[in-house]
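Q:
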Amino acid sequence: MQAIIKQQEQQLTNGKKDRDQLCFIVDERSNELRNLKQKNERLEQMIRNDEEHSNDEKKLLSLLQESQEERDELLSQQRQTHERIQKLEEQLKHYESEGAKMRDNVLCSKIKFEKKADENERLTNDFNEMKKSYERLEQENQKLKLQVEQERKKAEECTKSKTSSDVELQNIQEKLRTQRYEHETKIATLDDTLKYSQKQYQTLQQNYRTIEDKYEKEIHSLKEHINELEIKIEEVIKDKALASIRCGELIEENRKLEKALIDKEDDYEEKIAEYREKNSLLSTQIEDVEKKLTDTKKQLEYVTIEKDETLADMLIAVRVASEMRHDAEDRLSKATDDLKRVTEHIEQEKAINKEVQRRQVS
4 MQAIIKQQEQ
14 QLTNGKKDRD
24 QLCFIVDERS
34 NELRNLKQKN
44 ERLEQMIRND
54 EEHSNDEKKL
64 LSLLQESQEE
74 RDELLSQQRQ
84 THERIQKLEE
94 QLKHYESEGA
104 KMRDNVLCSK
114 IKFEKKADEN
124 ERLTNDFNEM
134 KKSYERLEQE
144 NQKLKLQVEQ
154 ERKKAEECTK
164 SKTSSDVELQ
174 NIQEKLRTQR
184 YEHETKIATL
194 DDTLKYSQKQ
204 YQTLQQNYRT
214 IEDKYEKEIH
224 SLKEHINELE
234 IKIEEVIKDK
244 ALASIRCGEL
254 IEENRKLEKA
264 LIDKEDDYEE
274 KIAEYREKNS
284 LLSTQIEDVE
294 KKLTDTKKQL
304 EYVTIEKDET
314 LADMLIAVRV
324 ASEMRHDAED
334 RLSKATDDLK
344 RVTEHIEQEK
354 AINKEVQRRQ
364 VS
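Each residue of the sequence shown is one higher than the one before, counting from 4 in my numbering.
1. Rounded to a whole number of angstroms, what is the C-alpha to C-alpha distance between GLN142 and ILE28?
2. Classify VAL359 as buried or exposed, calling it buried when 16 or more other Cβ atoms lie within 10 Å of its own Cβ.
3. Measure the C-alpha to C-alpha separation of ARG322 and HIS329 and round it to an integer number of angstroms.
4. Buried or exposed: which applies to ASN174, given that a residue is buried once 16 or more other Cβ atoms fall within 10 Å of its Cβ?
5. Only counting the same chain, and skipping five residues up and downstream in sequence, which positions put a Cβ closer than 7 Å to that of ARG37?
6. Check whether the Cβ of ARG155 sits closer than 6 Å to any heavy atom of the ligand SAH, and report yes or no.
7. Out of GLU72, GLN68, THR192 and SER167, point me to the one whose CA is closest to GLU352's CA.
8. Measuring straight from C-alpha to C-alpha, what distance separates GLU280 and ASP333?
9. For LEU39, count neighbouring C-beta atoms within 10 Å of its own C-beta (all shown protein chains included) and say buried if the count is 16 or more, exposed if not.
10. Pull up the distance between the alpha-carbon of GLU86 and that of GLN68, whole angstroms please.
11. Report the CB separation of GLN150 from ARG362 in whole angstroms; it is logged as a contact under 8 Å.
12. Counting only the same chain and skipping the five closest in sequence on each side, list residues whose C-beta sits under 8 Å from that of LYS20.
13. Comparing C-alpha positions only, which one of GLU326, GLU347, LYS146 and HIS348 sits nearest to GLU185?
14. Rounded to the nearest angstrom, what separates GLU231 and LYS337 at their Cα positions?
15. Figure out for me which residue from LYS343, GLU117 and TYR199 has the closest Cα to the Cα of GLN145.
16. To the nearest angstrom, how far is it from the Cα of ASP23 to the Cα of GLN13?
17. Given a threshold of 16 other Cβ atoms within 10 Å of its Cβ, counted over all protein chains shown, does ASN356 qualify as buried or as exposed?
18. Can you tell me which of LYS96, ILE234 and GLU255 puts its alpha carbon nearest to the alpha carbon of SER65?
19. Strictly under 7 Å for the Cβ-Cβ distance: is GLN83 near chain B by that measure?
20. Using only the alpha-carbon positions, how far apart do THR192 and GLU227 sit?
21. If distances are taken between C-alpha atoms only, which option among GLU238, VAL170 and LYS42 comes closest to ASP341?
22. Alpha carbon to alpha carbon, how far is GLU152 from LYS343?
23. Whole angstroms is fine: what's the gap from GLU44's alpha carbon to GLU35's?
24. Measuring alpha carbon to alpha carbon, tell me which residue in LYS198, ARG139, ASP121 and ASN17 is nearest HIS97.
25. If you compare alpha carbons, which of ILE114, TYR199 and THR181 is closest to LYS148?
Below, the structure is given as structure tokens:
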């Protein structure tokens, strides 16, 4: 009996350690997300110095591809966590089977005790001379019976507590499944919005290139101003090369972290603001040229309207992503609270088993 109880205690401690490890992993992921946010802020400061629109477009496409790859990695990590939870459920079922075996052993000991009581009654008929000593033994036997009944009541309480813990675990599993389904649906909607924004952005590029091809001859007068800007752009490109090297290092580190897609979407929101500023600068330059190119003004205004529409769509996608991030953080906090409750309940069961063992030994 003692060996079985010790084995059950060891298994309970192992289950507790597994839950503690999961809690520790969740804390590490949250710390990694904070570090990732800080690194993204640094990356934003380095990218703000970049004023070349075409290179920023290429960067945005590369970042979108990297975010999709990181989303796949996050899904794989989520599957691994679900597999760990299933293993813990199997361990709990094993613990329940061992508890049933212990109850059977208690019943066997009770039957043996009743047989001994019958033998003592037979001895009373054979040994009338030892009546006084027998009465003393009978009193002691009654005390032992009371102790056995108390232990039986405690065993029933343990079974009730185990059933309640099973119900709580089932509720937690259902919550996790619903959360996983909601998370996957939100990710699918986010992917659709990103694809739609990419298509609109490509159409915008095509329209912009056609306009540039039509009016190259008329913009020849602005070449002197463009040459001055090219000198400034070369300086910016040098700074951008250093920034791109640093960006590559930060992106490689971000791939190892969980939920990088949501933080990158926060980065996109600020980049979109930068693109609006750049579009405003382009609009001011176009106003200077409007005196000579009245026909181009209408087409360029049409292009700016399309840009604002695409930017509005991208802002909506980013807001949806930020809401998804807050929901995911709330769900993680709820999951950690549920795990803490389960561990406290296991500790209570362990204490009860220790008391039962101590009373059996006494």
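Backbone N, C-alpha and C fix where the C-beta goes; we use that ideal spot for every residue, glycine too. A quick note: this is a predicted structure, and the numbers were derived from the prediction, not measured.
A: Per the coordinate set shown:
1. Start at 1 with the first residue of the sequence shown, and residue 142 comes out as number 139. Start at 1 with the first residue of the sequence shown, and residue 28 comes out as number 25. Roughly 57 Å between the two C-alpha positions.
2. Indexing the sequence shown from 1 puts residue 359 at position 356. Buried, by the Cβ-count rule.
3. For the purposes of this step, residue 322 is taken as the residue at position 319 of the sequence shown. For the purposes of this step, residue 329 is taken as the residue at position 326 of the sequence shown. Approximately 11 Å between the Cα atoms of the pair.
4. In the sequence shown, the residue the question calls residue 174 occupies position 171. ASN174 should be labelled exposed.
5. Counting from one through the sequence shown, the residue named residue 37 turns up at place 34. Correct list: empty, nothing qualifies.
6. This structure lacks the ligand SAH; in fact it carries no ligand of any kind.
7. Counting from 1 along the sequence shown, the entry for residue 352 is found at position 349. Of the listed residues, the one whose Cα sits closest to GLU352 is SER167.
8. Residue mapping note: residue 280 aligns to position 277 of the sequence shown, counting from 1. Residue mapping note: residue 333 aligns to position 330 of the sequence shown, counting from 1. Approximately 35 Å between the Cα atoms of the pair.
9. As a first step, residue 39 is located in the sequence shown; it is residue number 36 there, counting from the start. The residue in question, LEU39, is buried, as its Cβ has 16 or more Cβ neighbours within 10 Å.
10. Here residue 86 refers to the residue found at position 83 of the sequence shown. Here residue 68 refers to the residue found at position 65 of the sequence shown. Looking at the two C-alpha atoms, the distance is approximately 28 Å.
11. For this step, residue 150 is matched to residue 147 along the sequence shown. For this step, residue 362 is matched to residue 359 along the sequence shown. About 7 Å separates the two Cβ atoms, so the contact holds.
12. On the sequence shown, residue 20 is found 17 positions in, with the first residue counted as 1. There are no such residues.
13. In the sequence shown, counting from the first residue as 1, residue 185 sits at position 182. Nearest of GLU326, GLU347, LYS146 and HIS348 to GLU185, Cα basis: GLU326.
14. Indexing the sequence shown from 1 puts residue 231 at position 228. Indexing the sequence shown from 1 puts residue 337 at position 334. One C-alpha to the other measures close to 58 Å.
15. Numbered from 1 along the sequence shown, position 142 holds the residue referred to as residue 145. Closest option to GLN145, Cα to Cα, is GLU117.
16. Position 20 of the sequence shown, counted from the first residue, corresponds to residue 23. Position 10 of the sequence shown, counted from the first residue, corresponds to residue 13. Approximately 15 Å, taken between the alpha carbons.
17. Taking the first residue of the sequence shown as 1, we reach residue 356 at position 353. The residue in question, ASN356, is buried, as its Cβ has 16 or more Cβ neighbours within 10 Å.
18. As a first step, residue 65 is located in the sequence shown; it is residue number 62 there, counting from the start. Checked all of LYS96, ILE234 and GLU255; the closest Cα to SER65 is GLU255.
19. Absent here is chain B; the protein component of the structure consists of one chain.
20. In the sequence shown, the residue the question calls residue 192 occupies position 189. In the sequence shown, the residue the question calls residue 227 occupies position 224. Looking at the two C-alpha atoms, the distance is approximately 47 Å.
21. On the sequence shown, position 338 is the one that residue 341 refers to. That would be VAL170, whose Cα lies nearest to the Cα of ASP341.
22. For the purposes of this step, residue 152 is taken as the residue at position 149 of the sequence shown. For the purposes of this step, residue 343 is taken as the residue at position 340 of the sequence shown. If I take the Cα positions, the gap works out to 33 Å.
23. By one-based count along the sequence shown, residue 44 stands at place 41. By one-based count along the sequence shown, residue 35 stands at place 32. Each residue's Cα considered, the two are about 14 Å apart.
24. Counting from one through the sequence shown, the residue named residue 97 turns up at place 94. The residue with the shortest Cα to Cα distance from HIS97 is ASN17.
25. Here residue 148 is taken as the residue at index 145 of the sequence shown, counted from 1. Residue ILE114 is the option with its Cα nearest to LYS148.
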